[in-house]
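Structure record follows, encoded as structure tokens.
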Amino acid sequence: MQPKQPRMGIVKQVKPLIVKALSDLYSYETTENELTINITKPEFEGDYTLVLFSFVKQLKKSPEALGKEIGEYLIANNAELFTAFNVIKGFLNLTIADAYWQNFLLSAHADPNHGRKQASGKSVVVEYSSPNTNKPLHLGHLRNNFLGWSVAQLLKETGFDVVKTAILNDRGIHICKSMVAWQKFANGATPDSTGIKGDHFVGDYYVLFGVEQKKEMEPLMAGGMSKEDAEKNAPLMQAAQKMLLDWENGDPEVRNLWEKMNGWVYEGFNETYAKIGSDFDKNYFESETYLLGKEFVEEGLQKGVFYKKEDGSVWIDLTADGLDEKLVLRKDGTSVYITQDLGLADEKFKEFHYDQSIYVIADEQNYHMKVLKLILQKLNKPYADGIYHLSYGLVELPTGRMKTREGTVVDADDIIEELKKVAREKTEELGKVKDFNPGELNELYDTIALGALKFFLLRVDPKKKMVFNPEDSIDFHGFTGPFIQYTHARIKSILRKEIPGPAAAKASVDLLPKEKELVVLLEQYPSVVEQAANEHNPSAIGLYVYDVAKTFSSFLNDHSVLHADSEEKKQVRLQISMLAGNVISAGMALLGIRVPERM
RNA sequence: GGCCCGGUAGCUCAGUUGAAUAGAGCAACUGCCUUCUAAGCAGUAGGUCAUUGGUUUGAAUCCAAUCCGGGUCACCA
Numbered sequence: 003m004q005p006k007q008p009r010m011g012i013v014k015q016v017k018p019l020i021v022k023a024l025s026d027l028y029s030y031e032t033t034e035n036e037l038t039i040n041i042t043k044p045e046f047e048g049d050y051t052l053v054l055f056s057f058v059k060q061l062k063k064s065p066e067a068l069g070k071e072i073g074e075y076l077i078a079n080n081a082e083l084f085t086a087f088n089v090i091k092g093f094l095n096l097t098i099a100d101a102y103w104q105n106f107l108l109s110a111h112a113d114p115n116h117g118r119k120q121a122s123g124k125s126v127v128v129e130y131s132s133p134n135t136n137k138p139l140h141l142g143h144l145r146n147n148f149l150g151w152s153v154a155q156l157l158k159e160t161g162f163d164v165v166k167t168a169i170l171n172d173r174g175i176h177i178c179k180s181m182v183a184w185q186k187f188a189n190g191a192t193p194d195s196t197g198i199k200g201d202h203f204v205g206d207y208y209v210l211f212g213v214e215q216k217k218e219m220e221p222l223m224a225g226g227m228s229k230e231d232a233e234k235n236a237p238l239m240q241a242a243q244k245m246l247l248d249w250e251n252g253d254p255e256v257r258n259l260w261e262k263m264n265g266w267v268y269e270g271f272n273e274t275y276a277k278i279g280s281d282f283d284k285n286y287f288e289s290e291t292y293l294l295g296k297e298f299v300e301e302g303l304q305k306g307v308f309y310k311k312e313d314g315s316v317w318i319d320l321t322a323d324g325l326d327e328k329l330v331l332r333k334d335g336t337s338v339y340i341t342q343d344l345g346l347a348d349e350k351f352k353e354f355h356y357d358q359s360i361y362v363i364a365d366e367q368n369y370h371m372k373v374l375k376l377i378l379q380k381l382n383k384p385y386a387d388g389i390y391h392l393s394y395g396l397v398e399l400p401t402g403r404m405k406t407r408e409g410t411v412v413d414a415d416d417i418i419e420e421l422k423k424v425a426r427e428k429t430e431e432l433g434k435v436k437d438f439n440p441g442e443l444n445e446l447y448d449t450i451a452l453g454a455l456k457f458f459l460l461r462v463d464p465k466k467k468m469v470f471n472p473e474d475s476i477d478f479h480g481f482t483g484p485f486i487q488y489t490h491a492r493i494k495s496i497l498r499k500e501i502p503g504p505a506a507a508k509a510s511v512d513l514l515p516k517e518k519e520l521v522v523l524l525e526q527y528p529s530v531v532e533q534a535a536n537e538h539n540p541s542a543i544g545l546y547v548y549d550v551a552k553t554f555s556s557f558l559n560d561h562s563v564l565h566a567d568s569e570e571k572k573q574v575r576l577q578i579s580m581l582a583g584n585v586i587s588a589g590m591a592l593l594g595i596r597v598p599e600r601m
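If you count the first sequence from 1, you need to add 2 to reach my numbering.
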């Protein structure tokens with residue numbers, strides 16, 4: 003990962019000039035990374051500020067003298083870029099030429115590719131979403147989905163070939179539980195016959211399994227059996243275990259039922275994915291990958307990376323790396339989780355020859371992913387270093403973790419519907435789009451509801467866990483998706499009346515503070531995209547786009563675009579408006595959020 | 001217990017390759033809609049940046065220790 007960089011565009015051009023200045027003036031050789039340049043605080047004159055303290059000692063000069071000499075040098079040698087400077091304490095405040103900002107505005111305001119980079123030829127696989135097929139998606143899955151989708155989009159934007167993959171955990175004891183419960187209690191009911199969405203339908207039987215199992219456990223525990231034993235010995239559990247064996251042996255009846263019920267779940271998932279705009283280039287199914295990776299065991303033994311214990315189980319000793327001894331093959335010769343992950347990593351590489359393989363997985367699995375990468379490195383796999391775990395924090399409720407048992411899980415479909423309802427109520431209350439037809443209204447509600455939800459989940463640093471408070475997380479004011487969408491609609495409202503004309507090319511007027519602030523901010527957009535992509539961090543985009551919307555709103559409050567004092571002024575403001583609209587639209591698109599023309 | 005991650009305003013979050021008085025939103029309070037959409041703008045109030053010590057011209061940011069919270073260390077996935 004690249005080191006963090008402040009968001010700034012022009013600074014990339016400024017840094018080499020300062021390096022050269024230090025070299026020419028003092029024969030002091032430094033690198034761009036050594037320079038600290040910040041945006042100038044509003045209370046001082048200037049655009050960007052070089053912090054001088056770090057050179058004071060080495061150059062044995064006072065900050066004031068240094069600042070003055072560097073400032074004078076920069077203006078003397080780059081008059082087209084710098085027009086003024088001042089030194090306050092240890093800070094050299096530089097003023098960038100108005101012409102630079104005006105040229106930027108001219109070239110960028112109508113450029114739809116502003117911020118997009120050339121294809122690099124590098125490829126990356128992004129795996130996100132790894133649901134079990136025994137219950138519907140919840141809020142945690144949504145964070146995973148939105149993150150993965152957005153990171154994929156960011157990487158596309160910065161020139162990567164991206165393959166989006168999902169792994170479906172479609173086998174195992176949890177699936178058998180739903181199947182057993184359905185066999186016993188459903189009387190042949192189906193999603194169609196009940197009108198229940200497939201994934202919810204199957205999930206209901208998974209829940210029912212737990213309820214009925216508990217009933218069966220009571221007499222067993224009353225007879226003195228421990229809770230653990232009662233769980234195992236409950237007839238339903240026995241049936242599920244048997245079904246798992248039958249499944250592995252390919253029993254046709256079990257396989258048929260399994261395919262039928264998984265089919266219902268996929269139908270439900272696909273409906274939700276379509277609704278949230280999630281998509282995948284390739285689905286992997288655990289039922290097809292769970293046997294992969296065994297060849298790694300033999301290879302690891304030969305290379306001396308793994309070792310075999312007396313009972314036949316195979317292990318790797320990672321204690322030298324500060325980890326533990328990890329099992330890679332059971333004594334009965336069956337593989338464990340890590341084994342199939344090794345196999346899947348290899349499978350993906352064979353198919354896509356990735357330079358980078360990103361796994362969007364919750365931070366519960368930090369340890370596991372560390373082990374995965376380490377084993378691949380020890381096996382000298384060429385793709386090992388490209389493995390990257392995008393670890394995200396869990397979504398919690400004010401009361402703590404969501405728990406299926408306690409029924410505190412926030413269902414994905416439910417929360418989307420709830421938000422849509424709020425979007426509708428709010429829209430009707432405001433009454434600004436009374437001329438919309440039902441189709442347009444429905445689309446608007448979708449746009450707003452999903453905008454609110456996606457922005458809420460993406461605006462937080464992925465690696466941090468976050469709290470979802472149902473009471474006030476559903477908010478359309480302030481630091482939210484709908485506020486940004488609203489700002490976009492306002493901009494469009496202006497541009498529907500007039501767009502920047504050819505006369506704009508000649509417009510060169512002094513920028514007022516609010517105008518300047520916006521232009522400087524908008525000029526940073528490509529560097530923000532680059533940074534967000536490097537860090538696999540969509541929240542950087544969210545913060546930035548909000549900043550743009552907020553700054554624009556403030557600007558709009560103080561200045562009229564269409565009724566500016568002069569034609570030139572109007573043109574400049576139209577350009578700023580258009581660029582702000584494009585940046586908001588493009589930035590939100592990177593988060594998977596649509597922006598409406600009106601709302 | 002070992003390892004990992006976190007602790008910033010009442011709440012949710014920015015800010016952490018060290019830099020000028022620590023920033024937003026929500027909630028509270030005050031103003032502002034015959035003028036490009038008030039889902040808005042402007043303002044007031046709210047902080048021992050968990051604690052202690054250290055490094056430094058300078059620390060929310062780096063180091064150490066401590067306290068608190070979470071995760072993980074399964075022949076589960």
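Each residue gets a CB set at the ideal place from its N, CA and C atoms; glycine is no exception. Here the structure is a predicted model, which is why all the values come from computation and not from measurement.
With fewer than 16 other CB atoms across the displayed protein chains lying within 10 angstroms of its CB, H565 is exposed. Here Q120 carries a coil assignment [DSSP, helix/strand/coil]. Cβ neighbours of R403 within its own chain (closer than 7 Å, five residues either side excluded): L396.
A contact is defined here as three or more CB-CB pairs under 8 Å, and the segment 461–478 meets this definition with respect to the segment 416–431. For L523, same chain residues with a beta-carbon under 7 Å away, outside a window of 5 residues either side, are D549, V550, T553 in chain order. The residue among H391, V338, I72 with its C-alpha nearest the C-alpha of Y28 is I72. For the pair W151 and I175, the Cα-to-Cα distance works out to about 29 Å. In terms of Cα proximity to K423, the closest of R407, L452, G324, I486 is L452.
Exclusion of the five residues before and after E31 leaves S25 as the residues of its chain whose Cβ lies within less than 7 Å of its Cβ. Excluding residues up to 5 positions away in sequence, Y207, L210, E214 lie with their Cβ nearer than 8 Å to the Cβ of F187 in the same chain. Contact annotation: N95 and F46 have beta-carbon atoms nearer than 7 Å. Taking G279 as the centre and dropping the five residues before and after it, the same chain places the C-beta of G594 closer than 7 Å to its C-beta, in chain order. Secondary structure within the segment 58–96: the beta strand (DSSP E) runs of 3 or more consecutive residues, fully enclosed, are 84–90 (chain order). The continuous stretches of alpha helix (DSSP H) do not include K310, which lies in the beta strand (DSSP E) extending over residues 308–310. Each of T489, K217, A591 was checked against the Cα of E599, and the nearest Cα belongs to T489.
Per the C-alpha coordinates, the member of L156, I39, G212 positioned closest to R407 is G212. Shortest Cα-Cα distance from P504 to any of L68, L108, V21, I177 involves L108. The C-beta separation of I41 from L52 comes to about 12 Å, leaving the pair out of contact by the 8 Å criterion. Residue pairing for H391: DSSP places it in a beta bridge opposite Y361.
Beyond the five residues adjoining it in sequence on each side, A491 comes within less than 6 Å, by CB distance, of P598, R600, M601 in the same chain, given in chain order. Distance between G48 and L170, taken at the CA atoms: about 54 Å. In this chain, the alpha helix (DSSP H) harbouring F298 covers 296–304. Within the same chain, Cβ atoms closer than 7 Å to the Cβ of S289 are found at D172, R173, the five residues on either side in sequence being excluded. Per DSSP, the continuous alpha helix (DSSP H) segment holding K572 begins and ends at 569–592. The Cβ atoms of D343 and L374 sit closer than 7 Å to each other. When Y527, L320, M263, P221 are compared, the shortest CA-CA separation from Q379 is found for L320. A distance below 7 Å between beta-carbons, with the five flanking residues on each side excluded, links A242 to the following residues of its chain, in chain order: I175, C178, K179, V182. Below 8 Å, enough C-beta pairs join the segment 334–353 and the segment 292–311 to call them touching: three or more.
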